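Residues -19 to -1, 1 to 183 (mature numbering (1 follows the signal peptide of the UniProt record, and there is no 0)) are what the sequence shown spells out, left to right. Encoded as structure tokens, the structure appears first; notes follow it.
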Amino acid sequence: MMRAVVCLSLWLVVCQVRGSYIPPKMNRTIYNLLQHYKIPSRERFNGKPVFSRDPLAGKMEAKRVFMGGVLETYEKLIGQMLKQLPTPTPQTAGSNELPGSAAIADGGEVGAGEDVRTQLSYILKKVQELRKHRYQEQEKLLQELRDLKHIQMDNLVVQSKALWELPWLYEEASSLYEIKMERRKRRRRRRQARRVKTRPSA
Ligand SMILES: *[C@@H]1O[C@H](CO)[C@@H](O)[C@H](O)[C@H]1NC(C)=O
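Right under this line is the structure:
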């Protein structure tokens, strides 16, 4: 569990660093949390990230849907991490304080002495905001994908209706594939045309 958490936190950091879209305070908070969620380097860099990056090599739309799923998973994960924290009581408040948490104090909401809970909540809020503002469409799609898995396979009405809907859906699915191939062919033809045009006439 811990290992997964750290790997994916780090992955989040590494991914965001390229474009530096991550607010400095969020970045600092993550590094602070990593002091709490410690694992050996050989485990962190064992070549098995929590979230595969293969989907990110694909088409833009596929990437966005995948990232919507990643954000959703982070929300659940951080929720779980919050649940696993010891509940603070007046006497022991501060016992789950972060060793290096003072470093985070820079006129922010996450000040010196803020505990792991506060920092996790802050990270959760950032993830939720990104998902809510930028990934609504993908979220809907993911929900619809999940719903597909829950249809009642053993229900006669479902079976019959599904059969009736298949011709249209089959056509649609085939034509999506055709459109893709057609686009590819057209691109190739255009490239060839350009090559012919730029070739010096003999
Ligand atoms: C995030 O923090 C780490 C550690 O302090 C630093 O090395 C890295 O450059 C920071 N990344 C960004 C994008 O600010």
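Built from N, CA and C at the ideal position, the CB exists for glycine as well. Note that the structure is a prediction, hence the values are computed from the model and not measured.
- Assignment of D128 by DSSP, reduced to helix, strand and coil, places it in the helix class.
- Taken atom to atom, the span from the alpha-carbon of R171 to that of Q100 is near 53 Å.
- Inclusion of L123 and V46 in the CB contact set at 8 Å is warranted, their separation being smaller than that value.
- Annotation for F47: the continuous alpha helix (DSSP H) segment containing it runs M41 to Q65.
- Checking the 7 Å criterion, the Cβ of I3 is within range of a heavy atom belonging to ligand 1.
- For E120, the closest of E42, W145 and G28 by C-alpha to C-alpha distance is E42.
- Annotation: P67 to G60 spans about 14 Å, alpha carbon to alpha carbon.
- Checking the DSSP bridge columns, you'll see D135 has no partner listed.
- Rounded to whole angstroms, the gap between the alpha carbons of L157 and I11 is 42 Å.
- Following the DSSP letters along the chain, one finds P30 in no alpha helix (DSSP H), marked with neither H nor E.
- The Cβ atoms of F26 and V51 lie no closer than 8 Å to each other.
- Judged by the Cβ position, R167 fails to qualify as a neighbour of ligand 1 at the 7 Å threshold, every heavy atom of the ligand being at least this far.
- In the structure shown, Y18 adopts coil according to DSSP, grouped into three states.
- In this structure, K29 lies away from L37, with their beta-carbon atoms at least 8 Å apart.
- DSSP, reduced to helix, strand and coil, places Y2 outside both helices and strands of the structure shown, so it counts as coil.
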